[in-house]
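Trainee:
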Amino acid sequence: MNILEKKKVPEFMAALAADYDLYGPIVHPDSKDVLFDRAADPGDIALQAPIPYNPAKIPFFPQRESILGYTYDRSTGDVRIAPADLVRPKALVGIRSCDLTGLLCLDRFFLGQEFVDDVFRDHRRKTFIVANTCVRPFPQCFCVCTDSGPSAREGFDINLTEAGDVYLVEAGSEKGEALVRKLELPAADEAQTALKDKIVDGSIALFDEVSRENKAWISRATNRLTTGFIRNEVWEYIGKQCFECGACAFTCPSCSCFNIEDLNGPDGTTDRCRTWDSCSFEGYTKMAGDHNPRRPVEDRRNKRFFCKLSYSQSRKYLRPGCVGCGRCVRVCPGDIGLPTVVTAIRREITE
Amino acid sequence: MTYKPGVCNFCGTGCGHNLRVENGSITGVFASPGHPVGKGRLCVRGWHIHELLGTKERILHPLVRRNGHFEKVPLSEALDLVADRLGGFAGSEAAFWASPRASNEDIYSLVKLARSVLGSNNISLLSDDGHREAVDVLGGSCGIPAMPGSLADIAKADFLLVAGADITRQNPIVGSDLHLAALQGADLVTIGARRTQIAELSRTHIQNKPGTIALVLAAMAKTLIEDGRAAREFADNRNSGFEAFAESLRGLNMPDIERLTGLSSDDIRGVALRLAGAKRAMAFFSSGISGLDRDTIAVLHNLFLLSGHAGREGCGINPITGICNIVGGYDMGAVHDLWPGYAPVGDAAAAERLKTVWEKAPTTTAGFEVNALLADPEKKLKALVVMDHDEDTGRFAERIRSLDFVVYTGAYANPFLESAHVVLPAASYVETDGTFTNTERRIQLSRAKAEAPPDALPAWRIFSEIAARRKQDWGFRSPENVMREIAKVVPAYSGVTYAKLEKDFGIQWQGAGAGTPAFAPISGAFQVPETSEEYPFLLLTGEANHFWHRNTIMRRTQIPMREYNALLLLYPNGFVEIAEEDAKRLGLRERTPVSLTSAEGALTSFTRISKALKPGAAYVPYFLHETIARLLPSAWGSSSRGEDAAVPIRIEKV
Numbered sequence: 013m014n015i016l017e018k019k020k021v022p023e024f025m026a027a028l029a030a031d032y033d034l035y036g037p038i039v040h041p042d043s044k045d046v047l048f049d050r051a052a053d054p055g056d057i058a059l060q061a062p063i064p065y066n067p068a069k070i071p072f073f074p075q076r077e078s079i080l081g082y083t084y085d086r087s088t089g090d091v092r093i094a095p096a097d098l099v100r101p102k103a104l105v106g107i108r109s110c111d112l113t114g115l116l117c118l119d120r121f122f123l124g125q126e127f128v129d130d131v132f133r134d135h136r137r138k139t140f141i142v143a144n145t146c147v148r149p150f151p152q153c154f155c156v157c158t159d160s161g162p163s164a165r166e167g168f169d170i171n172l173t174e175a176g177d178v179y180l181v182e183a184g185s186e187k188g189e190a191l192v193r194k195l196e197l198p199a200a201d202e203a204q205t206a207l208k209d210k211i212v213d214g215s216i217a218l219f220d221e222v223s224r225e226n227k228a229w230i231s232r233a234t235n236r237l238t239t240g241f242i243r244n245e246v247w248e249y250i251g252k253q254c255f256e257c258g259a260c261a262f263t264c265p266s267c268s269c270f271n272i273e274d275l276n277g278p279d280g281t282t283d284r285c286r287t288w289d290s291c292s293f294e295g296y297t298k299m300a301g302d303h304n305p306r307r308p309v310e311d312r313r314n315k316r317f318f319c320k321l322s323y324s325q326s327r328k329y330l331r332p333g334c335v336g337c338g339r340c341v342r343v344c345p346g347d348i349g350l351p352t353v354v355t356a357i358r359r360e361i362t363e
Numbered sequence: 232m233t234y235k236p237g238v239c240n241f242c243g244t245g246c247g248h249n250l251r252v253e254n255g256s257i258t259g260v261f262a263s264p265g266h267p268v269g270k271g272r273l274c275v276r277g278w279h280i281h282e283l284l285g286t287k288e289r290i291l292h293p294l295v296r297r298n299g300h301f302e303k304v305p306l307s308e309a310l311d312l313v314a315d316r317l318g319g320f321a322g323s324e325a326a327f328w329a330s331p332r333a334s335n336e337d338i339y340s341l342v343k344l345a346r347s348v349l350g351s352n353n354i355s356l357l358s359d360d361g362h363r364e365a366v367d368v369l370g371g372s373c374g375i376p377a378m379p380g381s382l383a384d385i386a387k388a389d390f391l392l393v394a395g396a397d398i399t400r401q402n403p404i405v406g407s408d409l410h411l412a413a414l415q416g417a418d419l420v421t422i423g424a425r426r427t428q429i430a431e432l433s434r435t436h437i438q439n440k441p442g443t444i445a446l447v448l449a450a451m452a453k454t455l456i457e458d459g460r461a462a463r464e465f466a467d468n469r470n471s472g473f474e475a476f477a478e479s480l481r482g483l484n485m486p487d488i489e490r491l492t493g494l495s496s497d498d499i500r501g502v503a504l505r506l507a508g509a510k511r512a513m514a515f516f517s518s519g520i521s522g523l524d525r526d527t528i529a530v531l532h533n534l535f536l537l538s539g540h541a542g543r544e545g546c547g548i549n550p551i552t553g554i555c556n557i558v559g560g561y562d563m564g565a566v567h568d569l570w571p572g573y574a575p576v577g578d579a580a581a582a583e584r585l586k587t588v589w590e591k592a593p594t595t596t597a598g599f600e601v602n603a604l605l606a607d608p609e610k611k612l613k614a615l616v617v618m619d620h621d622e623d624t625g626r627f628a629e630r631i632r633s634l635d636f637v638v639y640t641g642a643y644a645n646p647f648l649e650s651a652h653v654v655l656p657a658a659s660y661v662e663t664d665g666t667f668t669n670t671e672r673r674i675q676l677s678r679a680k681a682e683a684p685p686d687a688l689p690a691w692r693i694f695s696e697i698a699a700r701r702k703q704d705w706g707f708r709s710p711e712n713v714m715r716e717i718a719k720v721v722p723a724y725s726g727v728t729y730a731k732l733e734k735d736f737g738i739q740w741q742g743a744g745a746g747t748p749a750f751a752p753i754s755g756a757f758q759v760p761e762t763s764e765e766y767p768f769l770l771l772t773g774e775a776n777h778f779w780h781r782n783t784i785m786r787r788t789q790i791p792m793r794e795y796n797a798l799l800l801l802y803p804n805g806f807v808e809i810a811e812e813d814a815k816r817l818g819l820r821e822r823t824p825v826s827l828t829s830a831e832g833a834l835t836s837f838t839r840i841s842k843a844l845k846p847g848a849a850y851v852p853y854f855l856h857e858t859i860a861r862l863l864p865s866a867w868g869s870s871s872r873g874e875d876a877a878v879p880i881r882i883e884k885v
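The listed protein sequences derive, respectively, from chains A and B.
So for the first sequence, the working numbering puts the first residue at 13; every next one is plus one.
So for the second sequence, the working numbering puts the first residue at 232; every next one is plus one.
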């Protein structure tokens with residue numbers, strides 16, 4: 013473990029900015045909204061800002077992304093594919109452990125299966141990740157229920173933990189170690205090293221008092237979801253509150269559903285575009301011949317919760333898909349964010 | 232930061248969002264948690280606005296039709312031509328169609344062009360049907376010609392009524408506010424012939440027979456009067472109009488009401504008493520395209536006044552606008568008989584004010600609604616100026632094609648182009664500054680976030696360029712200049728500046744108020760559509776989630792369009808929903824081809840069996856415009872009874 017003095021943070025940012033586009037939590041000066049976004053100036057990144065409203069998956073899996081361009085000549089039948097190297101190296105600075113855990117789920121979806129997604133792989137290869145321990149939780153957080161925080165255990169190049177005037181620095185990769193060496197960050201002493209666990213324990217201890225918006229007793233819900241012991245009325249209760257806006261998927265750090273469409277421009281070029289999609293949409297599962305395995309909205313809703321919490325799905329992610337960030341609660345017009353659903357499932361158990 | 236804060240411009244809710252702008256293109260959107268309306272929520276349309284704003288299907292060049300074909304011309308040439316041709320018509324021969332999706336600055340400039348430069352009061356907002364009814368009822372009886380309350384009041388109300396509106400589809404975030412309030416314990420009641428999502432989420436759904444909402448509300452009012460539950464202060468006040476209202480209810484009797492509405496009088500009474508017992512009560516109905524008719528709005532207002540829930544904080548009846556700037560469009564005076572600020576055309580004080588600011592007296596010749604001009608072949612209409620539209624030419628396509636001169640100005644192609652003689656490309660709403668006034672009268676500033684194509688000017692500039700060519704220099708150099716003038720002309724906007732709007736997410740304009748609210752006059756006819764042996768079904772129309780109005784803009788998105796296509800994959804002719812019992816009785820299954828016949832027309836469609844309907848009712852979604860236009864030609868447009876309209880039809884297997 014090493015030490016980064018707070019006054020040296022700009023130097024740390026500058027070192028990263030030399031090689032990467034910087035992304036991190038930024039507070040908009042007018043609206044005060046905190047969003048995880050590209051920083052025009054490294055000084056815009058606010059490591060102490062509250063958890064961003066949007067998920068940190070956006071730099072890897074944007075809402076809309078050109079993944080290929082081509083021109084097709086109707087008369088000759090010629091197709092010319094425009095070589096696209098659109099992915100720029102980027103550093104995510106100040107990603108919270110929930111978001112980082114979500115990113116690891118995306119890795120297992122896009123890279124860990126039979127088909128490897130080239131575009132996503134390109135993004136991931138050119139990435140430097142600086143995680144930031146949540147030394148105190150936020151009102152919507154429940155990462156302690158989903159084993160994804162408050163401090164990251166894997167997936168980072170550097171992990172920062174705020175401790176008074178300094179950040180405790182852990183390198184999680186060779187790239188991270190190289191940066192520590194380059195900046196000549198001093199090694200932490202024994203007391204400082206021991207501090208990390210104390211800080212994390214202190215943060216966990218604050219959940220009862222600070223994180224009052226959500227509770228999610230995940231393991232019991234996982235059991236019920238996996239064994240299918242949830243009455244249909246519970247799903248109907250949840251489903252009828254779904255406004256089918258897709259926000260839960262869009263704001264979820266681990267949701268990976270997408271759609272691909274070729275957009276033909278007026279100039280004869282075609283843009284192959286990947287966009288976010290959501291399992292709450294009827295058209296998402298619709299098949300030829302009007303067959304839809306998930307027609308009613310409650311059926312589509314429970315698909316989402318199976319995806320986040322069932323054992324069969326967790327085997328693919330090597331953990332539950334829910335990472336405890338609490339965002340889906342705040343964006344949901346219908347009050348069926350994941351913790352609310354877990355509560356509904358638990359209520360059924362206790363009845 | 233690549234995210235820029237702004238305001239969604241689909242429906243009238245006016246949620247805040249952050250648009251992602253990269254290299255001059257709009258590439259994403261994220262809800263704004265700090266915004267007081269959306270509070271971090273968006274609906275399916277709002278979550279996909281970047282798909283529309285990122286489209287390459289823009290109008291890029293000025294076009295002039297020569298020998299039946301469009302030719303690209305330099306912008307100045309097109310503007311010269313438009314100014315020259317428009318100058319050749321008398322004011323009464325020209326009409327102006329403003330867009331409720333345009334900014335206040337753009338609409339105001341068109342209003343000024345029509346009324347000050349070209350001497351015409353023939354100006355309307357397309358898609359304003361219905362909102363006018365709410366403007367008149369509320370303006371006349373409350374002094375505020377728009378929604379009197381605030382969306383923030385929903386969370387504080389203990390009784391909430393939704394009359395007719397499928398609000399979780401039309402204005403989903405308002406629907407969300409209602410749902411969240413109900414979860415906190417508010418008494419949510421819905422009235423309507425369809426069991427909509429908000430009905431599912433309510434404590435009580437009054438599922439009346441189609442076309443009888445006014446009668447249900449009247450029955451509630453009658454119950455309260457007869458039970459002595461009417462607020463005394465109105466009953467005792469001779470000027471309030473109470474007596475006239477009570478008189479018009481006297482002829483109603485409960486057995487008839489039960490028969491006509493299909494409801495029990497006990498149920499109606501129960502809800503009326505819950506309303507009367509509430510501390511803070513609010514009602515919601517949709518305005519714009521598919522609102523309630525005037526009588527129904529008046530009865531609703533009277534019911535709330537009677538029960539002591541009008542003209543008080545956190546109470547009242549609230550028209551919810553379907554398009555982002557319908558309220559602003561009315562405020563700006565894009566109405567044939569209202570000048571900016573709701574002054575009747577010809578009003579002396581307003582004429583004086585306009586003359587001072589415009590340096591030219593406005594024309595006082597009576598104008599006509601553009602719809603009415605187009606519908607009446609006797610009217611001498613020769614020229615039409617249309618600004619950016621979400622609609623198509625609809626039932627007037629033929630008349631519009633026959634006009635001498637049609638100008639279309641907009642950002643996106645539209646069916647109007649087929650009839651246009653000149654097309655002027657306009658900047659989209661994210662390419663210029665502008666203000667939009669949402670359903671709760673919140674004037675919100677939307678800043679430019681991207682560059683407009685080189686030939687596309689903001690609409691306010693297009694109209695002031697035309698004015699300059701007719702020898703009127705308005706001195707507009709920026710949208711902020713236009714707002715400065717609006718603040719002088721529209722009393723409710725007095726003192727509004729961009730600097731003030733930028734702070735704190737806009738300003739809710741306040742009406743002059745009229746002291747004690749009064750009862751609105753009603754016709755007392757309570758006509759309800761009745762079925763017959765020949766036409767045993769009552770057909771309803773309504774909206775849906777991913778499709779918006781006639782979909783001319785939603786077609787440019789990807790995910791909402793996919794949803795639209797998925798729905799219509801097997802219904803190329805659209806569909807009609809009927810209750811399961813009716814389907815069984817008629818031997819119809821899902822997707823059975825059927826013919827629908829009304830007294831005015833017929834068409835073939837396919838069935839969908841729906842749990843949302845009671846036997847005897849049928850439903851066709853509004854976005855299937857062609858379907859409806861063919862079946863109900865006369866009920867379509869300004870004369871329609873909107874959401875509560877119900878047309879007797881016959882359904883037969885083919």
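Beta carbons are placed, not taken as given, at the ideal position from N, Cα and C, and that holds for glycine.
Would you kindly check if the distance between the Cβ of Q325(A) and the Cβ of C334(A) is under 8 Å?
Mentor: no
Trainee: If you draw a straight line from the C-alpha of S496(B) to the C-alpha of R224(A), how long is it?
Mentor: Cα-Cα distance, rounded: 45 Å.
Trainee: Determine the direct distance from the alpha carbon of A658(B) to that of S870(B), and round the result to whole angstroms.
Mentor: With a pLDDT of 39 at S870(B), under the threshold of 50, the modelled position of that residue is not reliable, and no figure is offered here.
Trainee: Quick one: grab the DSSP three-state call for G161(A).
Mentor: coil
Trainee: Can you tell me which of the three DSSP states E174(A) falls into?
Mentor: If DSSP states are grouped into helix, strand and coil, E174(A) belongs with the strands.
Trainee: Is L341(B) helix, strand or coil by DSSP?
Mentor: It is helical.
Trainee: Rounded to a whole number of angstroms, what is the C-alpha to C-alpha distance between R284(A) and T594(B)?
Mentor: Pairing R284(A) with T594(B), the inter-Cα distance amounts to about 53 Å.
Trainee: If the cut is a Cβ gap below 8 Å, which residues of chain A does S407(B) touch?
Mentor: F255, P345 and G346
Trainee: Would you call the CB atoms of P767(B) and G847(B) closer than 8 Å?
Mentor: Yes, Cβ-Cβ distance for P767(B) and G847(B) is below 8 Å.
Trainee: For F261(B), would you say it is in contact with chain A, using Cβ-to-Cβ distances shorter than 8 Å as the test?
Mentor: For F261(B), a Cβ of chain A is located within less than 8 Å of the residue's own Cβ.
Trainee: Quick one: grab the DSSP three-state call for M792(B).
Mentor: helix
Trainee: Could you tell me which chain B residues have their CB closer than 8 Å to the CB of A52(A), listed as they occur along the chain?
Mentor: Neighbours of A52(A) on chain B, chain order: M232.
Trainee: Does the distance between the C-beta of G539(B) and the nearest non-hydrogen atom of the ligand HEM fall short of 7 Å?
Mentor: Absence of the ligand HEM from the depicted structure is noted, as is the absence of any ligand whatsoever, leaving it without description.
Trainee: Along the chain, which unbroken stretches of the beta strand (DSSP E) at least 3 residues long are found entirely within the region 511-562 of chain B?
Mentor: 512-517 and 547-551
Trainee: Report yes if the CB atom of D664(B) is closer than 8 Å to the CB atom of P710(B), and no otherwise.
Mentor: yes
Trainee: Counting pairs of Cβ atoms below 8 Å between the region 381-401 of chain B and the region 577-593 of chain B, do you hit three or more?
Mentor: no
Trainee: Going along chain B, which residues have a C-beta under 7 Å from I38(A)?
Mentor: M232
Trainee: For K303(B) and W570(B), I'd like the C-alpha separation in whole angstroms.
Mentor: 36 Å
Trainee: Does the beta carbon of F103(A) come closer than 8 Å to any beta carbon on chain B?
Mentor: According to the sequence displayed, residue 103(A) carries Ala and not Phe. Not closer than 8 Å to any Cβ of chain B, the Cβ of A103(A) fails to qualify, so no.
Trainee: According to DSSP, is C239(B) helix, strand or coil?
Mentor: coil
Trainee: Please classify T205(A): does DSSP put it in a helix, a strand, or coil?
Mentor: helix
Trainee: Check whether the Cβ of V275(B) lies closer than 8 Å to any Cβ atom in chain A.
Mentor: At least one CB of chain A lies nearer than 8 Å to the CB of V275(B).
Trainee: Step through the CB atoms of chain B and report whether any lies within less than 8 Å of the CB of S231(A).
Mentor: no
Trainee: Give the interface partners of T624(B) over in chain A, defined as CB-CB distance under 7 Å, in chain order.
Mentor: In chain order: nothing, as chain A lies at least about 23 Å away.
Trainee: D31(A) to I38(A), Cα distance in whole Å?
Mentor: 20 Å
Trainee: Using a beta-carbon distance cut-off of less than 9 Å, what residues from the region 266-292 of chain B approach chain A?
Mentor: Legend: CB atoms of the region 266-292 of chain B lying less than 9 Å from CB atoms of chain A belong to residues H266, K270, G271, R272, L273, C274, V275, R276, G277, W278, H279, H281, E282, G285, T286, K287, E288, R289 and L291.
Trainee: With respect to the alpha helix (DSSP H) encompassing Y660(B), which residues constitute its N-terminal and C-terminal limits?
Mentor: Here Y660(B) belongs to no alpha helix (DSSP H), and DSSP marks it neither H nor E.
Trainee: From the DSSP output, in three-state form, read off F768(B) for me.
Mentor: strand
Trainee: Using C-beta distances below 6 Å, list every residue in its chain close to I693(B), excluding the 5 sequence neighbours before and after it, in chain order.
Mentor: T640 and L655
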